[in-house]
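> Input: one structure, supplied below.
In my numbering, the protein residues as written are 1 to 509.
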C-alpha cells in the first residue's frame, strides 16, 4: 500500500498495493576457504544503487578464536584486506524514518548486525514492548527495533512484527545468518548457491555481478510467461540457479558448515465460520482495518502522497488518507499542507479515467498532478525500465506507473500510497474462479467442483468454459497431457540456439 518514489523505479509489486524500490541489501557468505572479495560485494551493491541513493555501508566478519569478529565500514576503500573473511553484507539506503547518520546500515548491536529493506508498521508498539524489557534505543528507526526484536526473541521476532520486509541478520555469537521475507512477498529477496558460497540481493542483476553466476534463462519459467502470462514463479525466477525466497519464509545459514535451512513461518488461516456476524458488522470491521493500515503507512519523515487512477481501489485509499489528513492531522504530518495525488491520463476516452480521479481528488481537497505517458517517451525509457524490472512484464501499465513515479519524484514526494493489488486482496479478477475450481480438483473434491462450476454457468458466468483462460491453473500433469507446454519448450530451445538468447541476456545484464 505504500510505495517509494526515490528512483525511476521499476514495477508494481505483484501483491498487495506496494511498489518495490526502496533500500537494497546484498550479502556473500563463503564456505570453501576462499575469502569474501570486498570488490565483488561493492560491485553487487552498486548494481542496485538506485534503490538507495542516501548512503551505503558494509560489514565484514571473520573467524576468531572461540567465535567471530566483525567490522563496519562506510566504503570498501576503508577496508584492510584479510584472507579469512567469511561474511560480507552490504546496504544501500533510502531514508524514510530518522534521516540522520544514525540510521545507516548495516546496523550493529551486541554481537548482532542487520541489513534491512522495508518498513515495520508496528515499530512503535514493538519498541515500547522492548523498552519495557530493558532495551535502550539510540535512533528512531524501525531497523533498530527489528534488530533488538531479534536480540530479544530470536527468530520468533517474526511473530511480533507487521510490515513489508526483507532482511539478513548476522549473529556472530552463533556464526549464523538469518534471512526472512514478509508474509506476502512484497519486498524482494533473491539468492543463489554457487560452489562454496551463499549470495543474496534485492535484485537479480546484483547477484549476476558475482563471478560464475551467469544469465542463463530457465525454459520452464519462460514458457510459463509466454503461455500463461505468469510473472510470479514462486521460488523460481527466469534465470537458472537464481531463486526467490518465497513469501512468509525464512532462511538460516550456518557459516561454518554452509548448511542452508528453509522454513515457512506463517500461513494464511483458512476461512472460518462467520460466527453469527452480520454483513454490516463485517463491513464495519473492514473499514476499521483499512483506516488503521492507511494510518500506519503514513508514518514517515519525508513527504507522502498517493497514486490515483480513478478506480475503486486507489479512490478508496485517497479517501482514507483524506479522512486522516482532515480529522487526525497529527497522524498525517507526512502529507504536508497539500495532499498530492498522481494520475496517468490518456487521449483515448475508453482508457482515460481522469474525470473520476479528479472527482475523488477534489472531494478530499487534494492537489492532483496529471501525467501523460506517450509513445515517444516509452521507447526512450523502455530499456532502462526493463533493466530495473529484472523479470518479464506483460503490460504497458508498468510504463504508466513509471511515469507516475517519475512525476512524484519531481514533485518532491518520496512515499506513495496506491491501490495496486485490490483485485488480488478482494478476489476481483474472474480468473480467480479457475483457481478456486482447481483447488477443489487438486484436493479430490470432484463433486464439489462440478457443482460449483455448474452454479457459475447457471448464473451466466461462461468465463469458466473458456479453457484457454484457465489453462495456467490446470495441474502440471494435465498440462503435459494436453501438450502445449512441451511444444513451446521444444520451440524455445530451437530459438535459443538460433538467436543466442543466453548471450543476449548476459550482455543486457
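For glycine and all other residues, C-beta sits at the position ideal for the given N, C-alpha and C. Keep in mind it's a predicted model, so treat the numbers as computed, not measured.
Does the distance from the CB of residue 419 to the CB of residue 314 come in under 8 angstroms?
It is a contact, given that the beta carbons lie within the stated cut-off.
> Here's the rule: buried if 16 or more other CB atoms are within 10 angstroms of the residue's CB, otherwise exposed. What is residue 92?
buried
> Looking at C-alpha atoms only, which residue of 124, 46, 36 is the closest neighbour of residue 84?
In terms of CA proximity to residue 84, 36 leads the group 124, 46, 36.
> Could you check how far apart the C-beta atoms of residue 87 and residue 29 are, in whole angstroms? I think they sit under 8 angstroms.
Between the beta-carbon of residue 87 and that of residue 29 there is about 6 angstroms, and that keeps the pair under the 8 angstroms contact cut.
> If the criterion is Cβ atoms closer than 8 angstroms, does the pair residue 335 and residue 414 meet it?
no
> How would you call residue 349, buried or exposed, if buried means at least 16 neighbouring beta carbons within 10 angstroms?
exposed
> Does the separation of the CB atoms of residue 240 and residue 310 fall below 8 angstroms?
Not a contact, by the Cβ cut-off of 8 angstroms.
> Helix, strand or coil for residue 58? Go by DSSP, reduced to three states.
strand
> State the DSSP-derived secondary structure class of residue 306, mapped to helix, strand or coil.
strand
> Please state if the CB of residue 44 and the CB of residue 217 are separated by a distance shorter than 8 angstroms.
no
> At 4 residues or longer, and completely inside the region 101–158: list those alpha helix (DSSP H) runs for me, N to C.
123–132, 142–153
> Could you check whether residue 269 and residue 318 sit closer than 8 angstroms to each other, using their CB atoms as the reference points?
no
> Using CA atoms only, rank isn't needed, just tell me which of 136, 250, 224 is closest to residue 238.
224
> Can you give me the Cβ contacts of residue 41 inside the same chain, cut-off strictly under 6 angstroms, excluding the 5 residues immediately before and after it?
Hits under 6 angstroms: 28, 88, 90.
> So residue 245 and residue 183 are supposed to be a Cβ contact under 8 angstroms. How far apart are they, rounded?
Not a contact, Cβ separation roughly 12 angstroms.
> Report the three-state DSSP secondary structure of residue 191 (helix, strand or coil).
strand
> Pick from 188, 61, 149: whose alpha carbon is nearest that of residue 206?
For the options 188, 61, 149, the alpha carbon positioned closest to that of residue 206 is the one of 188.
> Would residue 341 and residue 260 be called neighbours here (beta carbons separated by less than 8 angstroms)?
no
> Tell me, to the nearest whole angstrom, how far the beta carbon of residue 47 is from that of residue 250; I am working on the premise that it is less than 8 angstroms.
Between residue 250 and residue 47 the Cβ distance is about 25 angstroms, and since that is not below 8 angstroms, they are no contact.
> With residue 169 as the anchor, note down where its beta strand (DSSP E) starts and where it stops.
163–171
> How big is the Cα-Cα spacing for residue 196 and residue 253?
13 angstroms
> Going by beta-carbon coordinates alone, are residue 161 and residue 126 separated by less than 8 angstroms?
yes
> If you follow the alpha helix (DSSP H) that residue 41 is part of, which residue opens it and which one closes it?
38–47
> Exposed or buried, what is residue 329 when buried is set at 16 or more other beta-carbons lying within 10 Å of its beta-carbon?
exposed
> To the nearest angstrom, report how far apart residue 357 and residue 401 are at their CA atoms.
15 angstroms
> For residue 371 versus residue 344, is the C-beta distance shorter than 8 angstroms?
yes
> Are there any heavy atoms of the ligand PLP lying less than 7 angstroms away from the beta-carbon of residue 225, as far as the coordinates show?
You won't find the ligand PLP in this model; it holds no ligand whatsoever.
> Considering only C-alpha positions, which residue in the set 66, 432, 436, 231 is nearest to residue 389?
231
> Mapping the DSSP letters down to three states, classify residue 317 as helix, strand or coil.
helix
> Determine the extent of the alpha helix (DSSP H) in which residue 337 is found, giving its start and end residues.
Careful: residue 337 lies outside any alpha helix (DSSP H) and carries neither H nor E.
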